[in-house]
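**Q**
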Amino acid sequence: MVTIEKPAIGRATVYQLIVLLILVMLARGLWDFTLAYSVLLGGLVHAIPQAWFASIAFRHRGARATSKILGTLYRGEAGKLLMTATMFALIFIYVEPLQVPAVFLSYFAMAIVYSFSSVKILYSGRS
Numbered sequence: 005m006v007t008i009e010k011p012a013i014g015r016a017t018v019y020q021l022i023v024l025l026i027l028v029m030l031a032r033g034l035w036d037f038t039l040a041y042s043v044l045l046g047g048l049v050h051a052i053p054q055a056w057f058a059s060i061a062f063r064h065r066g067a068r069a070t071s072k073i074l075g076t077l078y079r080g081e082a083g084k085l086l087m088t089a090t091m092f093a094l095i096f097i098y099v100e101p102l103q104v105p106a107v108f109l110s111y112f113a114m115a116i117v118y119s120f121s122s123v124k125i126l127y128s129g130r131s
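Numbering (this note's numbering), first residue to last: 5 to 131.
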């Protein structure tokens, strides 16, 4: 019997998508459509693979599942990197016009949002 609860890390993806939506609306309202979809694409390049990794990484729990946990972490990270590289490649090949700095800035902004929200979620139940 496993007594460790599965973390609610999916909420971090929800926070990411909320912040991304706000950034896209600001980019569209204050600047132009090209900037808005560049921000959206960059944010999704981080959010989608990270959400997939989080769903894979927390499948197994407990001391007896250590080898399974380690295996899913390796496969999940490899898959996340492959998905990220593929998404960037597809964007740079097929999307034009594109504001490349906006793609990378929103990607890194989503990484920061995910990191901070994950820490907040994981440590919110501790005293």
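Built from N, CA and C at the ideal position, the CB exists for glycine as well.
Note down the Cα distance separating Met29 from Tyr111, rounded to an integer number of angstroms.
**A** In the sequence shown, the residue the question calls residue 29 occupies position 25. In the sequence shown, the residue the question calls residue 111 occupies position 107. Roughly 16 Å separates the two Cα atoms.
**Q** Going by other Cβ atoms of all chains shown within 10 Å of its Cβ, with 16 needed for buried, is Phe57 buried or exposed?
**A** Here the question's residue 57 lines up with position 53 in the sequence shown. Phe57 should be labelled buried.
**Q** Ends of the alpha helix (DSSP H) at Gln54?
**A** What you label residue 54 is simply residue 50 of the sequence shown in a count that begins at 1. Residues Phe37 to Ala61.
**Q** Output the distance between the C-alpha atoms of Arg32 and Leu21, rounded to the nearest integer angstrom.
**A** The residue given as residue 32 occupies position 28 in the sequence shown. The residue given as residue 21 occupies position 17 in the sequence shown. When rounded, the distance between both Cα atoms is 16 Å.
**Q** Compute the Euclidean distance between the alpha carbons of Val23 and Leu74, then round it to the nearest angstrom.
**A** Numbered from its first residue, the sequence shown carries residue 23 at position 19. Numbered from its first residue, the sequence shown carries residue 74 at position 70. The straight-line gap separating the alpha-carbon atoms of Val23 and Leu74 is approximately 31 Å.
**Q** With a threshold of 8 Å on Cβ separation, who are the neighbours of Gly14 within its own chain once the five nearest residues in sequence on each side are excluded?
**A** For the purposes of this step, residue 14 is identified with residue 10 of the sequence shown, where counting begins at 1. Closer than 8 Å at Cβ, skipping near neighbours: Ala55, Ala58 and Ser59.
**Q** What residue does the alpha helix (DSSP H) around Gln103 start on, and which one ends it?
**A** Sequence index remark: in the sequence shown, residue 103 carries index 99 (1-based). Where Gln103 is concerned, there is no enclosing alpha helix (DSSP H), given that its DSSP letter is neither H nor E.
**Q** To the nearest angstrom, how far is it from the Cα of Gln103 to the Cα of Lys84?
**A** Within the sequence shown, numbered from 1, the residue matching residue 103 stands at position 99. Within the sequence shown, numbered from 1, the residue matching residue 84 stands at position 80. Rounded to the nearest angstrom, the two C-alpha atoms are 24 Å apart.
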